[in-house]
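Trainee: Sequences listed follow chains P and Y, in order. Mind the numbering: the first sequence is residues 1 to 46 in this note's numbering, read in order. Mind the numbering: the second sequence is residues 1 to 273 in this note's numbering, read in order.
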Amino acid sequence: MNALPFIVASYTVAAVVVGWLCVDTLLRLRKARRRLAAAESGRARR
Amino acid sequence: MLPCFKPFGLQTTGSLLYRTAVDATVSPPRPRGWHRFANPGQFLRLAARVTPPVAWAGGILTAVGLFWGLFIAPADWQQGNAVRIMYLHVPSAWLASAGYMALAACAVASLVWRHPLADLAAVEIGPVGAAFAALCLVTGSLWGRPTWGTYWVWDARLTSMLVLFFLYLGHIALIRAFDDPQRGYRAASILALIGVVDLPIIHFSVQWWNTLHQGNSISLTSAPKMYIGMLAPLMVSALGFTLLFAALVLARLSAAVMERRTRAVLLAEVRSA
Numbered sequence: 001m002n003a004l005p006f007i008v009a010s011y012t013v014a015a016v017v018v019g020w021l022c023v024d025t026l027l028r029l030r031k032a033r034r035r036l037a038a039a040e041s042g043r044a045r046r
Numbered sequence: 001m002l003p004c005f006k007p008f009g010l011q012t013t014g015s016l017l018y019r020t021a022v023d024a025t026v027s028p029p030r031p032r033g034w035h036r037f038a039n040p041g042q043f044l045r046l047a048a049r050v051t052p053p054v055a056w057a058g059g060i061l062t063a064v065g066l067f068w069g070l071f072i073a074p075a076d077w078q079q080g081n082a083v084r085i086m087y088l089h090v091p092s093a094w095l096a097s098a099g100y101m102a103l104a105a106c107a108v109a110s111l112v113w114r115h116p117l118a119d120l121a122a123v124e125i126g127p128v129g130a131a132f133a134a135l136c137l138v139t140g141s142l143w144g145r146p147t148w149g150t151y152w153v154w155d156a157r158l159t160s161m162l163v164l165f166f167l168y169l170g171h172i173a174l175i176r177a178f179d180d181p182q183r184g185y186r187a188a189s190i191l192a193l194i195g196v197v198d199l200p201i202i203h204f205s206v207q208w209w210n211t212l213h214q215g216n217s218i219s220l221t222s223a224p225k226m227y228i229g230m231l232a233p234l235m236v237s238a239l240g241f242t243l244l245f246a247a248l249v250l251a252r253l254s255a256a257v258m259e260r261r262t263r264a265v266l267l268a269e270v271r272s273a
């Protein structure tokens, strides 16, 4: 049996799963950093 | 005496003894060893320094390992080119197991020392570990079709790996299921400790039962049974995936600590207003 379609499918699934994890983590980290900075600067102003 | 930590947002950290010491204006005992990282500020400083190089090293090593495995490593005499799926499948299987081991370690730290970072780490390790367990199952299935002629068999190794995936899902659901997070942390810690029994079953399943899944090619106690031209890209890929896993957990944990801090700051403002 030709293994190529299975190899392509495996690497595509891996790219999607790991890519989604990385993007989700980066976006969450950026949002958390921004919100913390805003909350702390708001407290400092008051 | 075991150190005990208070939740985030409260500035006083320590046990009754610690508070008595503060009242008596005696300097508080400083947490020693890895307990120092129970301090969220200290953890955030360390994570900010460590995470970017770990993530970059993980990304580069993963890319090198997978490129090597896909285009340079030879095809297997029996499996043919399907062996190239192994460079994804094996590291994801290792990391799914290692992630659950880390979850169990967090459960011990949570139940014994009430370590707040251990609770947050358990929340963050769960989805990452589940993603790698799912990746292991899917890539294993896609490898099984050209090699065994079937996507799935109820073989001991495959079934115990599926149980591990369900344990991850149960942990993710349970830790978020309570209005009081402390109850969720405790319930999920107990589940993590019970579920850890699945790890030796996964590891030894190929020895204990007559399985379709092949036996271990790599062992800590004996020489590898793999050709070095295949072993090297597998090791590079496994190291890369491990660093990537660590970077993802560290980054998600940092985000969780910041989210808690933000909530604590906003709550303090509401209370003072």
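Positions of the beta carbon are idealized from the N, C-alpha and C atoms, including for glycine. Since the structure is predicted, the reported quantities are computational estimates derived from the model, not experimental observations.
Can you tell me whether DSSP reads Asp76 (chain Y) as helix, strand or coil?
Mentor: By 1-based counting over the second sequence, the position of residue 76 (chain Y) is 76. Strand at Asp76 (chain Y).
Trainee: Quick one, which of P:Ala44, P:Leu36 and P:Gly19 has its alpha-carbon nearest Gly41 (chain Y)'s?
Mentor: Here the question's residue 41 (chain Y) lines up with position 41 in the second sequence. Comparing Cα-Cα distances from Gly41 (chain Y) to each of P:Ala44, P:Leu36 and P:Gly19, the minimum goes to P:Leu36.
Trainee: Flag Arg45 (chain P) as yes if its beta-carbon sits less than 9 Å from any beta-carbon of chain Y, otherwise no.
Mentor: The residue labelled residue 45 (chain P) in the question sits at position 45 within the first sequence. No, because no Cβ of chain Y sits closer than 9 Å to the Cβ of Arg45 (chain P).
Trainee: What separation, rounded to the nearest whole angstrom, lies between the Cα atoms of Leu266 (chain Y) and Ser272 (chain Y)?
Mentor: In the second sequence, counting from the first residue as 1, residue 266 (chain Y) sits at position 266. In the second sequence, counting from the first residue as 1, residue 272 (chain Y) sits at position 272. In a straight line, the C-alpha of Leu266 (chain Y) is about 10 Å away from that of Ser272 (chain Y).
Trainee: What are the residues in the region 76-95 of chain Y lying within 9 Å of chain P by C-beta distance?
Mentor: So the close ones are Gln79, Gly80, Asn81, Ala82, Val83, Arg84, Ile85, Leu88, His89 and Ser92.
Trainee: Tell me, to the nearest whole angstrom, how far the beta carbon of Leu55 (chain P) is from that of Ala251 (chain Y); I am working on the premise that it is less than 8 Å.
Mentor: Not covered by the structure: residue 55 (chain P). The range shown for chain P is 1 to 46.
Trainee: What's the call for Ile7 (chain P), buried or exposed, on a 16-neighbour Cβ count within 10 Å?
Mentor: Here residue 7 (chain P) corresponds to residue number 7 of the first sequence, with the count starting at 1. With 16 or more other Cβ atoms within 10 Å, it is buried.
Trainee: My assumption, with CB atoms under 8 Å, is that Ser205 (chain Y) sits in contact with Ala256 (chain Y). Please give the rounded CB distance.
Mentor: Reading the second sequence from its first residue, position 205 is the one you call residue 205 (chain Y). Reading the second sequence from its first residue, position 256 is the one you call residue 256 (chain Y). About 34 Å separates the two Cβ atoms, so there is no contact after all.
Trainee: Let me know the secondary structure DSSP gives Lys31 (chain P) once reduced to three states.
Mentor: Taking the first sequence and counting its residues from 1, the one referred to as residue 31 (chain P) is at position 31. Lys31 (chain P) falls in the helix class under three-state DSSP.
Trainee: So what does DSSP say about Glu40 (chain P), is it helix, strand or coil?
Mentor: To locate residue 40 (chain P), count along the first sequence from 1; it is residue 40. Here Glu40 (chain P) sits in helix by DSSP.
Trainee: Using Cβ-Cβ distances below 9 Å, what residues of the region 7-28 of chain P are close to chain C?
Mentor: Within the model displayed, chain C is absent; protein chains P and Y are what it includes.
Trainee: So, are the CB atoms of Leu135 (chain Y) and Arg186 (chain Y) less than 9 Å apart?
Mentor: Within the second sequence, numbered from 1, the residue matching residue 135 (chain Y) stands at position 135. Within the second sequence, numbered from 1, the residue matching residue 186 (chain Y) stands at position 186. No.
Trainee: For the region 181-215 of chain Y, list the alpha helix (DSSP H) runs that are entirely contained and at least 4 residues long, ordered along the chain.
Mentor: Here the runs fully enclosed are 181-195 and 198-208.
Trainee: Is the Cβ-Cβ distance between Ala192 (chain Y) and Leu103 (chain Y) less than 9 Å?
Mentor: Position 192 of the second sequence, counting from 1, holds the residue named residue 192 (chain Y). Position 103 of the second sequence, counting from 1, holds the residue named residue 103 (chain Y). It is a contact, given that the beta carbons lie within the stated cut-off.
Trainee: What residues from chain P crowd round Trp143 (chain Y), counting only those whose CB sits closer than 8 Å?
Mentor: Taking the second sequence and counting its residues from 1, the one referred to as residue 143 (chain Y) is at position 143. Residues of chain P passing the Cβ test: Phe6 and Ser10.
Trainee: Under three-state DSSP, which class holds Pro224 (chain Y)?
Mentor: Taking the first residue of the second sequence as position 1, residue 224 (chain Y) is located at position 224. Residue state, collapsed to three classes: coil.
Trainee: By the three-class DSSP mapping on this structure, what secondary structure does Val50 (chain Y) have?
Mentor: For the purposes of this step, residue 50 (chain Y) is identified with residue 50 of the second sequence, where counting begins at 1. In this structure, Val50 (chain Y) counts as helix in the three-state DSSP scheme.
Trainee: Measure the C-alpha to C-alpha separation of Ala39 (chain P) and Arg33 (chain P) and round it to an integer number of angstroms.
Mentor: For the purposes of this step, residue 39 (chain P) is taken as the residue at position 39 of the first sequence. For the purposes of this step, residue 33 (chain P) is taken as the residue at position 33 of the first sequence. So the two alpha carbons sit approximately 10 Å from each other.
Trainee: Report yes if the CB atom of Ala44 (chain P) is closer than 9 Å to the CB atom of Thr139 (chain Y), and no otherwise.
Mentor: Numbered from 1 along the first sequence, position 44 holds the residue referred to as residue 44 (chain P). Numbered from 1 along the second sequence, position 139 holds the residue referred to as residue 139 (chain Y). Going by C-beta atoms, Ala44 (chain P) is not nearer than 9 Å to Thr139 (chain Y).
Trainee: Rounded to whole angstroms, what's the CA-CA distance from Val123 (chain Y) to Pro74 (chain Y)? Just pull it up for me.
Mentor: In the second sequence, residue 123 (chain Y) corresponds to position 123, counting from 1. In the second sequence, residue 74 (chain Y) corresponds to position 74, counting from 1. If I take the Cα positions, the gap works out to 40 Å.
Trainee: Does chain P have any CB closer than 9 Å to the CB of Leu191 (chain Y)?
Mentor: In the second sequence, the residue the question calls residue 191 (chain Y) occupies position 191. Cβ-Cβ to chain P under 9 Å: no for Leu191 (chain Y).
Trainee: Give the single residue among Y:Ala232, Y:Thr242, Y:Ser160 and Y:Ile228 whose Cα lies nearest to the Cα of Trp209 (chain Y).
Mentor: Translated into the one-based positions of the second sequence, residue 209 (chain Y) becomes position 209. Of the candidates Y:Ala232, Y:Thr242, Y:Ser160 and Y:Ile228, the one whose C-alpha sits nearest the C-alpha of Trp209 (chain Y) is Y:Ser160.
Trainee: Would you kindly report the start and end of the unbroken alpha helix (DSSP H) that includes Asp119 (chain Y)?
Mentor: Numbered from its first residue, the second sequence carries residue 119 (chain Y) at position 119. First-last of the alpha helix (DSSP H) with Asp119 (chain Y): Pro116 to Trp148.
Trainee: Residues of chain P with CB closer than 9 Å to the CB of Thr150 (chain Y), please, in chain order.
Mentor: Start at 1 with the first residue of the second sequence, and residue 150 (chain Y) comes out as number 150. Simply none; closest approach about 12 Å.
Trainee: To which residues of the same chain is Val163 (chain Y) closer than 6 Å at the C-beta, ignoring the five residues directly before and after it?
Mentor: Locating residue 163 (chain Y) in the second sequence gives position 163, where the first residue counts as 1. Excluding positions up to five away in sequence, the list reads Asp198.
Trainee: Give me the Cβ distance between Val143 (chain Y) and Ala232 (chain Y), rounded to the nearest whole Å; I'm assuming they're in contact under 8 Å.
Mentor: By 1-based counting over the second sequence, the position of residue 143 (chain Y) is 143. By 1-based counting over the second sequence, the position of residue 232 (chain Y) is 232. Here residue 143 (chain Y) is Trp; the residue named in the question, Val, does not match the sequence. Contact doesn't hold; Cβ gap of about 20 Å is too wide.
Trainee: Going along the chain, which residues of the region 221-251 of chain Y sit with their C-beta nearer than 8 Å to a C-beta in chain P?
Mentor: Under the 8 Å Cβ criterion, the region 221-251 of chain Y contributes Leu244, Leu248 and Ala251.
Trainee: Could you tell me the boundaries of the alpha helix (DSSP H) in which Trp113 (chain Y) lies?
Mentor: If you number the second sequence from 1, residue 113 (chain Y) lands on position 113. Here the alpha helix (DSSP H) through Trp113 (chain Y) covers Met86 to Trp113.
Trainee: Which residues of chain P have a Cβ atom closer than 7 Å to the Cβ of Pro40 (chain Y), listed in chain order?
Mentor: Here residue 40 (chain Y) is taken as the residue at index 40 of the second sequence, counted from 1. Correct list: empty, because the minimum Cβ distance to chain P is about 11 Å.
Trainee: Checking contacts by CB at 9 Å: is Leu135 (chain Y) closer than that to chain P?
Mentor: Position 135 of the second sequence, counting from 1, holds the residue named residue 135 (chain Y). Yes, Leu135 (chain Y) lies at the interface with chain P (some Cβ there is under 9 Å from its Cβ).
Trainee: Does any residue of chain P bring its CB to less than 9 Å from the CB of Ala122 (chain Y)?
Mentor: Reading the second sequence from its first residue, position 122 is the one you call residue 122 (chain Y). So, not an interface residue.
Trainee: For Asp24 (chain P), which three-state DSSP category applies?
Mentor: One-based indexing of the first sequence puts residue 24 (chain P) at position 24. Of the three classes helix, strand and coil, the one that applies to Asp24 (chain P) here is helix, per DSSP.
Trainee: Alpha carbon to alpha carbon, what distance is there between Leu44 (chain Y) and Gly19 (chain P)?
Mentor: Within the first sequence, numbered from 1, the residue matching residue 19 (chain P) stands at position 19. Within the second sequence, numbered from 1, the residue matching residue 44 (chain Y) stands at position 44. Using only the alpha carbons, I get a separation of about 24 Å.
Trainee: What three-state label does DSSP hand Ser254 (chain Y) in the structure shown?
Mentor: Numbered from 1 along the second sequence, position 254 holds the residue referred to as residue 254 (chain Y). It is helical.
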